[in-house]
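> Encoded as C-alpha cells, here's the structure I'll be asking about.
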Amino acid sequence: MDDLLDRLRTSIGADHVLTEDADVAAYVVDWTGTRAGRALAVVRPSSTEEVAAVVAACAGAGVPVVPQGGNTGLVGGGVPDASGNQVVLSLGRMRRVREVDPVAGTVTVDAGVVLADVQAAAEKVDRLFPMSLGSEGSCTIGGNLSTNAGGTAVLRYGMTRELVLGLEVVLPDGRVWDGLRGLRKDNTGYDLTQLFVGAEGTLGVITGAVLRLFPATPRHATAWVAVPSVDAAVSLLGLAQQHAGVHLSTFEIANRQAIDLVLAHLPGASDPLGEPSDWYVLVELAGSASDDGLDETLESLLGEAVEAGCATDAALAGSPSQRSALWALREGISEAQKVEGATLKHDVTLPIARLAEWTDTMGPRLQEVCPGVRLVTYGHVGDGNLHYNLNAPLTDDGRSDDDALRAAAADLTTAIYDSVAREAGSISAEHGLGRTKAAAAASYKSDVEVDLMRAVKQALDPAGLMNPGVLVPPAPGASA
Ligand code: FAD
Ligand code: 2HG
Ligand code: ZN
247 MDDLLDRLRT
257 SIGADHVLTE
267 DADVAAYVVD
277 WTGTRAGRAL
287 AVVRPSSTEE
297 VAAVVAACAG
307 AGVPVVPQGG
317 NTGLVGGGVP
327 DASGNQVVLS
337 LGRMRRVREV
347 DPVAGTVTVD
357 AGVVLADVQA
367 AAEKVDRLFP
377 MSLGSEGSCT
387 IGGNLSTNAG
397 GTAVLRYGMT
407 RELVLGLEVV
417 LPDGRVWDGL
427 RGLRKDNTGY
437 DLTQLFVGAE
447 GTLGVITGAV
457 LRLFPATPRH
467 ATAWVAVPSV
477 DAAVSLLGLA
487 QQHAGVHLST
497 FEIANRQAID
507 LVLAHLPGAS
517 DPLGEPSDWY
527 VLVELAGSAS
537 DDGLDETLES
547 LLGEAVEAGC
557 ATDAALAGSP
567 SQRSALWALR
577 EGISEAQKVE
587 GATLKHDVTL
597 PIARLAEWTD
607 TMGPRLQEVC
617 PGVRLVTYGH
627 VGDGNLHYNL
637 NAPLTDDGRS
647 DDDALRAAAA
657 DLTTAIYDSV
667 AREAGSISAE
677 HGLGRTKAAA
687 AASYKSDVEV
697 DLMRAVKQAL
707 DPAGLMNPGV
717 LVPPAPGASA
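Numbering (this note's numbering), first residue to last: 247 to 726.
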C-alpha cells in the first residue's frame, strides 16, 4: 500500500493525501454520526485530471474508492466501511463554476461546487437554479447528482435528474468520459448521463456537470398553515394546485411532534400560531417580478380552505425575515431530531391518495412494537414523500430512551417497509440506498430488477472497486 500512497502523493501533492487520524476524522463519519468507518487515505484532487490519476492508481492497486462531496448524505454512502482499505476521494477542492449561459439556460460546474454557490451563480445572472435542500450550504452538486436529490422544489421543477443536461465522469479504470453537453435535444444513443445520476458513486466519479437554469422567481407568498389531519393536507394540496397553478412551488408537511422538537432545540424558533395543531403545511407560491397578486391568491386559497375545513389557522409571511422564520421551522427538523437523541429515519414515498390512511394506521402499529416511540413525520407531501422518522420514547424522567429505540429498530423498520411495499411505494424516495438500505431495497425488488442493476454495475465496474457495498448488494456467494 505504500507504493499506492507514494503514487497518489506524486499525482496530487503530498498535502492532499491525508492519512493521520485527526486529518481524516471528518471524512469517515457521516452527518448523522451513526456511520463511522476507517480509510486507507483521504485524497483531495483539484482537477478532473487529478481525479483520473487517483482512480487509475487505485484501480491498478486493486483498492476501492469512495467518492465524497459534502458528506451530508443520510444513508452512509459517502463514508468508507470499517476495513480501513478504502480510499475516500473528496471533491472538496473542485469548486469552480466553469460557465454560466443565461440565454441557453445552463450553468457548467465542477462537481465539488456547493449547491448554495450554484444557486448564487444563477441569481447573479437573474436566473434560478431551483434545487433546494436543508443541507444546501454544504452539500455538493456531485453528491446531489449521485443521490438524485429531491428537496422542497421538486413539486415544480422535478428531481435532480430533471435538472441536468450533461456530465463529465471519471470511469472506474481512470478514463474520462466527456459528456458535458448542454443540448436539450440529443437522441444519439443510450442516455449515459442519466445512468450516473442516482448511482451513488458506484459507477464512476462525477467531476463536472451542465445544469439547467430557469427564469428567476423573486416574488414569494408564503404561509404556515394549521391543518387537522393528513387527509386535510392532501385536500389543501388539491385546492392549492387549482388556485395557484404553476406558481405553487412548495408544499411541505410536518406533525406537531416535529415542530415541538424544533421549538425545543432551534435557537430563536417560535410558534407562529396561537394554538397547537396536530399537523402543519408550509405552502409557498413563487413568481417573476411581474407576477402581481401572489399574496391575494394565497389568501383566497386559505380562505376557501378554512371554509372547507381543511385548514384551521394560518400565518402569512409579511416580510423576508418572516418568510425565513417559517422556512426555518421546516428546515430545522433534521437537526432538532439529532439534538434530541437517537433517531430512526424512513424516507418513503406512497401514492398521495394513500398517505392519510397509511399514516393513520401505521402510528398505532408502531406503538405496539415500541411503546412510546415518538413519530416525527414530515416531508414533501406534494411528492408523496414522507420522512417517517422516529425518535426514542421518553423515560419517566423525560430523557430520550435511546436503548429502547435501538432494541426495536429492526422491527420498526420492517413494519414500515413491508407496509410501504404493500402500497407499491418506495423505501427510498430521495436519499438513496447507500450502505444502510442496499440490502433492504434489493429484497423488495424483483430478481429481474436486481439482475439488471448488477449487470450495469458489472459492465462499468467489473473489478467492483467503485464504492463497493453501496446501492447494489453483492450477488449471493460473491466476495464483497
Ligand atoms: P455525500 O454525502 O458526500 O455523498 C452522497 C453519495 O454520493 C455517496 O454515495 C457518495 O459516494 C456519492 N458522491 C458524492 N459525490 C460524488 C461524485 N462527485 N461522484 C460520484 N459519486 C459521488 N436530500 C434530499 O434529497 N432532499 C432533502 O431535502 C435533503 N435535506 C437534507 C437536510 C439535511 C439537514 C441533511 C444533513 C441532508 C439532507 N439531504 C437531503 C441529504 C443530502 O444532503 C443529499 O443526499 C445530498 O445530495 C448529498 O450531497 P453531498 O455532496 O453531501 O454528498
Ligand atoms: C428533509 O426533507 C430532508 O428535511 C432530511 O430530506 C430528512 O433528516 C431527514 O430524515
Ligand atoms: Zn426530504
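Every residue gets a Cβ at the ideal spot worked out from N, C-alpha and C, and that includes glycine.
Nearest CA to the CA of Gly578: which residue from Val300, Leu512, Leu483?
As a working note, residue 578 is residue 332 in the sequence shown. For the residues Val300, Leu512, Leu483, the minimum Cα distance to Gly578 belongs to Leu512.
> For chain C, find out if any of its Cβ atoms is closer than 7 Å to the Cβ of Gly444; answer yes or no.
Absent from the structure is chain C; it holds one protein chain and no more.
> With C-beta atoms as the reference, is His677 less than 7 Å away from Leu320?
For this step, residue 677 is matched to residue 431 along the sequence shown. For this step, residue 320 is matched to residue 74 along the sequence shown. Result yes, Cβ atoms of His677 and Leu320 sit closer than 7 Å.
> Does the beta-carbon distance from Arg620 to Asn637 come in below 7 Å?
Indexing the sequence shown from 1 puts residue 620 at position 374. Indexing the sequence shown from 1 puts residue 637 at position 391. The answer is yes: Cβ separation under 7 Å.
> To the nearest angstrom, how far is it from the Cα of Leu612 to the Cα of Thr659?
One-based indexing of the sequence shown puts residue 612 at position 366. One-based indexing of the sequence shown puts residue 659 at position 413. If I take the Cα positions, the gap works out to 9 Å.
> Looking only at its own chain, which residues have a Cβ that is under 6 Å from the Cβ of Thr496, when we skip the five neighbours before and after it?
Taking the sequence shown and counting its residues from 1, the one referred to as residue 496 is at position 250. Taken in chain order, the residues that qualify are Thr398, Glu530.
> Buried or exposed: where does Asp693 fall if 16 or more other Cβ atoms within 10 Å of its Cβ makes it buried?
Reading the sequence shown from its first residue, position 447 is the one you call residue 693. So Asp693 ends up on the exposed side.
> Thinking C-alpha only, which one of Glu345, Arg407, Gly447 is nearest Val334?
The sequence position of residue 334 within the sequence shown is 88, counting from 1. Closest by alpha carbon: Gly447.
> Spatial neighbours of Leu254 within its chain, please: CB distance less than 7 Å, with the 5 preceding and 5 following residues excluded, ordered by chain position.
Residue 254 sits at position 8 when you count from the first residue of the sequence shown. Closer than 7 Å at the Cβ level, and outside the excluded window around Leu254, lie Val263, Ala287, Val289, Val300, Ala303.
> Could you give the residue range of the beta strand (DSSP E) that holds Glu530?
Counting from 1 along the sequence shown, the entry for residue 530 is found at position 284. Glu530 -> beta strand (DSSP E) spans 525-533.
> Return yes when the C-beta of Thr386 is under 6 Å from any heavy atom of the ligand FAD, and no when it is not.
Position 140 of the sequence shown, counting from 1, holds the residue named residue 386. Result yes, Cβ under 6 Å from the ligand FAD.
> From which residue to which residue does the beta strand (DSSP E) around Leu658 run?
By 1-based counting over the sequence shown, the position of residue 658 is 412. Segment 648-668 is the alpha helix (DSSP H) holding Leu658; no beta strand (DSSP E) there.
> Pick helix, strand or coil for Phe460, following the three-state DSSP scheme.
Translated into the one-based positions of the sequence shown, residue 460 becomes position 214. In this structure, Phe460 counts as strand in the three-state DSSP scheme.
> Leaving out five residues on either side along the sequence, give the residues of the same chain with a beta carbon under 6 Å from the beta carbon of Asp524.
Position 278 of the sequence shown, counting from 1, holds the residue named residue 524. These residues qualify, in order along the chain: Arg502.
> Going by other Cβ atoms of all chains shown within 10 Å of its Cβ, with 16 needed for buried, is Thr463 buried or exposed?
By one-based count along the sequence shown, residue 463 stands at place 217. So Thr463 ends up on the buried side.
> Measuring from the CB of Ser672, is there a heavy atom of the ligand 2HG at a distance below 6 Å?
As a first step, residue 672 is located in the sequence shown; it is residue number 426 there, counting from the start. Not so, every heavy atom of the ligand 2HG lies at least 6 Å from the Cβ.
> Is DSSP giving Trp470 helix, strand or coil here?
Here residue 470 refers to the residue found at position 224 when the sequence shown is read from its first residue. Looking at Trp470 - three-state DSSP - the assignment turns out to be strand.
> Beta carbon of Gly279: closer than 6 Å to some heavy atom of the ligand FAD?
Within the sequence shown, residue 279 is the residue found at index 33, counting from 1. The answer is no for Gly279.
> What does the alpha-carbon distance come out to for the pair Leu441 and Val311?
The residue given as residue 441 occupies position 195 in the sequence shown. The residue given as residue 311 occupies position 65 in the sequence shown. Leu441 and Val311: Cα-Cα distance of roughly 19 Å.
> Could you check where the beta strand (DSSP E) with Leu632 kicks off and where it finishes?
Here the question's residue 632 lines up with position 386 in the sequence shown. Here the beta strand (DSSP E) through Leu632 covers 631-637.
> Taking 6 Å as the cut-off, does the CB of His633 come closer than this to any heavy atom belonging to the ligand 2HG?
As a first step, residue 633 is located in the sequence shown; it is residue number 387 there, counting from the start. His633: yes, Cβ under 6 Å from the ligand 2HG.
> Does the beta-carbon of Lys584, which I'm using as the reference point, lie nearer than 6 Å to any heavy atom of the ligand NAP?
The model depicted lacks the ligand NAP and carries the ligand FAD, the ligand 2HG and the ligand ZN instead.
> Write down the C-beta distance between Leu575 and Val508 rounded to the nearest angstrom, noting that I regard them as a contact closer than 8 Å.
Within the sequence shown, the letter at position 329 stands for residue 575. Within the sequence shown, the letter at position 262 stands for residue 508. With a Cβ gap of about 6 Å, Leu575 and Val508 count as contacting.
> Smallest Cα separation from Leu413: which of Leu401, Gly450, Ser384?
The residue labelled residue 413 in the question sits at position 167 within the sequence shown. Residue Gly450 is the option with its Cα nearest to Leu413.
> Cβ atoms of Val473 and Ala557: under 7 Å apart, would you say?
For the purposes of this step, residue 557 is taken as the residue at position 311 of the sequence shown. For the purposes of this step, residue 473 is taken as the residue at position 227 of the sequence shown. Going by C-beta atoms, Ala557 is nearer than 7 Å to Val473.
> On the three-state DSSP scale, how would you describe Gly389?
Taking the first residue of the sequence shown as position 1, residue 389 is located at position 143. Three-state result, Gly389: helix.
> What span of residues does the beta strand (DSSP E) with His626 cover, start to end?
Your numbering for residue 626 matches position 380 in the sequence shown. 620-626 is the extent of the beta strand (DSSP E) around His626.
> Under 7 Å, do Leu409 and Leu485 count as touching if we go by C-beta distance?
Reading the sequence shown from its first residue, position 163 is the one you call residue 409. Reading the sequence shown from its first residue, position 239 is the one you call residue 485. No, they are not a contact pair.
> Take Gln487 and list the residues in its own chain whose beta-carbon comes closer than 8 Å to its own, dropping the five residues that flank it on each side.
Along the sequence shown, read from residue 1 onward, the residue named residue 487 stands at position 241. Answer for Gln487: Leu494, listed in chain order.
> Nearest to Gly315 by CA position, among Thr543, Val349, Pro291, is which residue?
In the sequence shown, the residue the question calls residue 315 occupies position 69. For the residues Thr543, Val349, Pro291, the minimum Cα distance to Gly315 belongs to Pro291.
> Could you spell out where the alpha helix (DSSP H) holding Val718 opens and where it closes?
As a position in the sequence shown, residue 718 is number 472, starting the count at 1. Val718 -> no alpha helix (DSSP H), and no H or E assigned at all.
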